[in-house]
């Protein structure tokens with residue numbers, strides 16, 4: 523098991539559909555048996 527840091531900002535979290543895509547990436551990383559730390563910055567920039 524690894525600790526994975528995922529950072530998202532700007533257009534990747536600009537709207538609801540984008541946030542859903544980010545959430546799916548986080549879920550898939552967890553399903554892969556990894557721990558996840560998520561950093562979100564600059565929402566909507």
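In our numbering, the protein residues as written are 523 to 567. Where is the CB? At the ideal position from N, CA and C, for every residue including glycine. Fair warning: this is a prediction, and the values are worked out from it, not measured in the lab.
For residue i, name the three-state secondary structure that DSSP assigns.
i, result
"residue 564", "strand"
To the nearest angstrom, how far is it from the Cα of residue i to the Cα of residue j?
i, j, result
"residue 563", "residue 534", "10 Å"
"residue 541", "residue 547", "10 Å"
"residue 531", "residue 559", "14 Å"
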